[in-house]
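Structure first, commentary second.
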Amino acid sequence: MTTRTQTTLPETQRGPAERLLDVVLGGSAHLWHHRPGLNVSGTWEAAAHAHPQARARWPKVAPGLFVPAAVKLYGQLLELYRLNPTLMAHFASYALTQTDWRDLKVATCALMLVQGHAGLPVRDGQGAVAFHDDDFRAIGEAMVLHYVRRSTRMLTPKAVLRVAELLEVPEIARLNREAGFGDPASHKPPMGRWKSVARKWLAAREANLPMLQGLVKAGYKETLKKLARKAGYKPMSQGFFEVLGWKQKQADGGHRDVGLHGLTLVKRERFDGLSEAEICEWIELERLSYKEVVGRLPKDVGLTPAILATLLPSLSDRDLRLMTPTLEELGLMEEPSVKARWERAVSRATDQRSLNIAKNVRGEDLRRKLEEASDNAARHAVAQATADMDVRVMFLIDKSGSMEGAIEQSKEALSRILAGFPMDKLHVAAFDTMGTVLKPKAANRTAVQHMLADMKASGGTVHGAAVHALHRAGVRIPAEAKLVVMVVGDEAGEAGDQFAKAFHACGYTVAAMAMLVSVAGARGNTVRTGAAQLGVPFSEVSVGQFADPYQVPRVLQTLMDAPRMEGAHQSGWVDRVMSTPLLKVA
């Protein structure tokens with residue numbers, strides 16, 4: 001992965017807006033991994049796909065929270081909070097209600113629950129209460145308690161538990177103590193309002209037993225037990241224990257008075273002794289989910305095509321994409337109804353994890369469609385960011401000699417993102433000292449790879465040559481459209497003012513500019529200086545970020561938010577964050 005050798009601004013001049021963009025563009029917010037991995041200099045990599053030499057060299061990481069990434073992200077959020085608590089509060093509200101960034105929601109919620117603005121009274125010189133401080137901890141509470149039926153934009157039981165697990169990480173507890181969020185002499189991690197809001201969350205579900213039963217059916221039974229234990233929740237009725245199938249015994253202090261006698265436990269018995277047909281009948285009768293069934297199957301039956309077909313209605317689109325190899329192995333992809341349901345799931349992809357899944361399937365048609373899912377995720381991100389405006393995009397790709405050793409990484413990043421753009425609004429040119437216009441044969445990953453296949457690093461570097469090449473090819477940008485320019489390379493080239501002059505000479509009005517940094521040697525400053533000359537917002541991201549399947553849509557959506565008003569210098573995405581209403585506890 002490339003590293004940035006120079007930032008957009010000196011560290012002392014980087015304000016909260018720049019640091020907020022850094023959170024999204026400069027590092028992955030993917031913290032929990034369900035597979036064994038490797039700690040490669042602070043970056044998580046899947047052990048299964050690593051080279052044997054890498055597996056021998058780098059420390060192994062068990063499935064679960066990858067602490068180095070968690071500490072880095074939390075530290076970035078904490079620094080943003082120190083610079084501008086209000087921006088951090090809006091960002092937390094934005095992350096929950098406007099995005100699908102699951103682990104980032106957990107991290108922002110954790111910070112909001114422990115940070116120092118807790119609505120405490122502020123007294124005047126005579127000791128009287130003059131006013132109360134902002135209560136941003138209430139935003140953390142609202143993030144936990146936010147509920148919209150059938151929505152994916154709220155915290156799951158697992159996410160509520162992960163907030164506590166994150167705050168208990170020793171390195172993060174130390175950061176919170178140093179920030180003044182807890183007793184510096186205490187050995188316990190600062191938890192803020194997590195316990196109290198987790199109890200409220202559990203009480204709301206106990207008061208609505210069908211909701212609690214739905215969570216159990218969705219596979220959260222053990223998570224709910226862990227939540228209750230960690231929060232010290234005291235249920236009001238036996239129904240809570242009965243739904244969870246949770247047998248109770250008296251505590252040593254003898255203080256328990258609920259759930260000790262007469263419990264009718266809802267137990268999930270194994271399907272031992274039942275035939276495949278009988279198991280399918282049970283699934284349909286009780287509307288069981290995949291998670292409920294797999295642990296109860298007899299060894300002599302296992303997961304059969306008929307059982308999995310019966311479970312399909314309970315699987316989400318994401319589950320279906322992840323289970324593609326299993327569906328293929330059981331022959332279910334030959335069933336028209338299953339294939340149609342799977343293809344709908346592929347068309348709705350919001351991340352690019354399907355590229356990893358494609359490595360585990362045998363059929364070429366399935367592999368190609370999984371790659372389409374990756375393209376669909378990029379398309380959805382671009383469409384969401386440009387829904388209220390006409391945006392045209394120029395990709396300028398550096399293929400000069402200084403890119404030797406980095407050009408292949410540039411190609412891989414571009415293959416993941418270019419297919420996300422409508423072809424009639426996308427303009428691509430490569431450059432050394434001469435610009436060459438490139439056109440993919442189709443709007444998909446395969447066509448982009450074919451377009452870039454023969455690109456080799458050689459020659460000098462003139463970014464403006466790509467701009468002039470597009471103009472000679474007849475590219476014109478409508479007056480009402482926003483033009484976003486994305487440059488891929490090491491930024492080493494002509495002076496930035498010369499790059500800016502190329503846009504003026506060709507009659508292009510740039511609305512925003514971004515740098516996808518791919519460095520083999522030294523880094524220049526042509527693009528950021530050109531953006532400053534043009535007076536437009538500038539953002540940058542390492543092409544290495546596009547290796548994370550969850551990061552690609554997030555980065556694209558952020559980069560594509562052009563300024564909202566003429567002459568606005570701040571990123572339109574930051575404007576969008578600040579316009580998000582602060583969450584409130586209902």
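Going by the UniProt record's numbering, the first residue of the sequence shown is number 1, and it counts up by one from there. Beta carbons are placed, not taken as given, at the ideal position from N, Cα and C, and that holds for glycine. These figures come from a predicted structure and were not determined experimentally.
State buried or exposed for residue i, treating a residue as buried only when at least 16 other CB atoms are found within 10 Å of its CB.
i: P63; result: exposed
i: Y550; result: buried
i: K221; result: buried
i: M486; result: buried
i: S93; result: buried
i: M236; result: exposed
i: V148; result: exposed
i: K584; result: exposed
i: A562; result: Residue confidence is low: A562 scores 49 on pLDDT, short of 50, so the model does not pin down where it sits. Its coordinate-derived value is still stated next. That one is buried.
i: A17; result: buried
i: S579; result: exposed
i: L326; result: Note that residue 326 corresponds to Thr in the displayed sequence, not to Leu. T326 is exposed by the Cβ-count criterion.
i: V122; result: exposed
i: residue 626; result: The shown model of the chain, from 1 to 586, leaves out residue 626, and the question about it has no answer.
i: K299; result: exposed
i: E11; result: Its pLDDT being 44, under 50, E11 is placed unreliably by the model, and the measurement read from it follows with that caveat. E11 should be labelled exposed.
i: M565; result: Only weak support is given to the placement of M565: the predicted model assigns it a pLDDT of 41, under 50, and the value that follows is read from those uncertain coordinates. So M565 ends up on the exposed side.
i: N376; result: buried
i: D272; result: exposed
i: G140; result: buried
i: L559; result: buried
i: D133; result: exposed
i: P313; result: exposed
i: residue 594; result: The question about residue 594 has no answer here: the residues shown for the chain are numbered 1 through 586.
i: R82; result: exposed
i: P336; result: exposed
Given a cut-off of 8 Å, decide if residue j and residue i are closer than it, judged by their beta-carbon atoms.
i: V163; j: Q76; result: no
i: M434; j: A465; result: yes
i: L582; j: H90; result: yes
i: residue 647; j: V467; result: Because the chain spans 1 through 586 in this model, residue 647 falls outside it and cannot be assessed.
i: L320; j: Y290; result: no
i: Q352; j: V552; result: yes
i: V488; j: I357; result: no
i: L20; j: L80; result: yes
i: R137; j: A107; result: no
i: V346; j: E372; result: yes
i: S402; j: A520; result: yes
i: L292; j: K217; result: In the sequence on display, residue 292 carries Glu and not Leu. In contact: E292 and K217 (Cβ atoms closer than 8 Å).
i: A378; j: I417; result: yes
i: V382; j: L556; result: yes
i: K411; j: F431; result: no
i: L175; j: L96; result: no
i: D548; j: H30; result: yes
i: residue 660; j: K226; result: Given a span of 1 to 586 for the chain in the structure shown, any question on residue 660 remains unanswerable.
i: K195; j: G219; result: no
i: A500; j: Q533; result: yes
Between residue i and residue j, which are expected to be in contact by the criterion C-beta below 8 Å, what is the C-beta distance as a whole number of angstroms?
i: N444; j: A413; result: Their Cβ separation, rounded to whole angstroms, is 16 Å, which puts N444 and A413 out of contact at 8 Å.
i: A481; j: V437; result: Going by Cβ atoms, the distance from A481 to V437 rounds to 19 Å, so no, they are not a contact pair.
i: P184; j: R177; result: 5 Å
i: L332; j: A309; result: 6 Å
i: V160; j: W201; result: 6 Å
i: K441; j: H450; result: 7 Å
i: R35; j: A46; result: 6 Å
i: M191; j: L167; result: 6 Å
i: I172; j: V71; result: 6 Å
i: V462; j: L483; result: So it is not a contact: roughly 20 Å between Cβ atoms.
i: G116; j: G42; result: About 28 Å separates the two Cβ atoms, so there is no contact after all.
Should residue i be counted as a contact of the ligand HEM given a C-beta to heavy atom distance under 7 Å?
i: G405; result: In the structure on display, the ligand HEM does not appear, and there are no ligands present to speak of.
Taking CB distances under 8 Å as the criterion, tell me whether residue i reaches chain C.
i: I139; result: Absence of chain C from the displayed structure is noted, only one protein chain being present.
- Query: For the 8 Å Cβ check, are there 3 or more pairs between the region 486–496 and the region 514–531?
  - Reply: Result yes; three or more Cβ-Cβ pairs closer than 8 Å.
- Task: Mind listing, in chain order, the continuous alpha helix (DSSP H) runs of no fewer than 4 residues lying wholly within the region 77–132?
- Result: For the region 77–132, whole alpha helix (DSSP H) runs of length 4 or above, ordered along the chain, are 85–98, 102–114.
- Should the region 64–71 be regarded as contacting the region 48–56, the criterion being three or more beta carbon pairs within less than 8 Å? The region 64–71 is not in contact with the region 48–56.
- What residue ranges within the region 537–561 form continuous alpha helix (DSSP H) runs of no fewer than 4 residues, ordered along the chain? Taken in chain order, the whole alpha helix (DSSP H) runs of length 4 or more contained in the region 537–561 are 551–559.
- Item | Continuous alpha helix (DSSP H) assignments of at least 4 residues falling wholly in the region 335–409 | DSSP runs (the alpha helix (DSSP H)) wholly in the region 335–409: 336–347, 354–357, 364–385.
- Query: Residue ranges of each alpha helix (DSSP H) run of no fewer than 4 residues wholly in the region 297–328, ordered along the chain?
  - Reply: For the alpha helix (DSSP H) assignment, the uninterrupted runs of no fewer than 4 residues enclosed by the region 297–328 are, from N- to C-terminal side, 305–311, 317–322.
- Task: Starting from the N-terminal side, write out each stretch of the alpha helix (DSSP H) that is 4 residues or longer and does not extend beyond the region 185–257.
- Result: You should have 194–206, 209–217, 221–231, 238–244.
- Hey, is the region 532–541 in contact with the region 507–515, meaning 3+ C-beta pairs nearer than 8 Å? The region 532–541 vs the region 507–515: in contact.
- Query: Touching or not, the region 97–114 and the region 124–133, by the rule of three or more beta carbon pairs under 8 Å?
  - Reply: A contact is defined here as three or more CB-CB pairs under 8 Å, and the region 97–114 fails this definition with respect to the region 124–133.
- Count the CB pairs spanning the region 455–464 and the region 363–372 that are closer than 8 Å, and state whether there are at least three. The region 455–464 vs the region 363–372: no contact.
- Task: Taking 8 Å as the threshold, find out whether the region 388–398 comes into contact with the region 422–434 through three or more Cβ pairs.
- Result: Taking 8 Å as the limit for Cβ pairs, the verdict is that the region 422–434 does touch the region 388–398.
- Query: Would you call the region 204–213 and the region 273–280 in contact, with 3 or more CB pairs under 8 Å?
  - Reply: Judged by Cβ distances under 8 Å, the region 204–213 makes no contact with the region 273–280, as fewer than three pairs qualify.
- Would you list, in sequence order, the uninterrupted alpha helix (DSSP H) runs of no fewer than 4 residues that lie entirely inside the region 427–514? The alpha helix (DSSP H) runs lying completely inside the region 427–514 and spanning 4 residues or more are 445–452, 463–472, 496–506, given in chain order.
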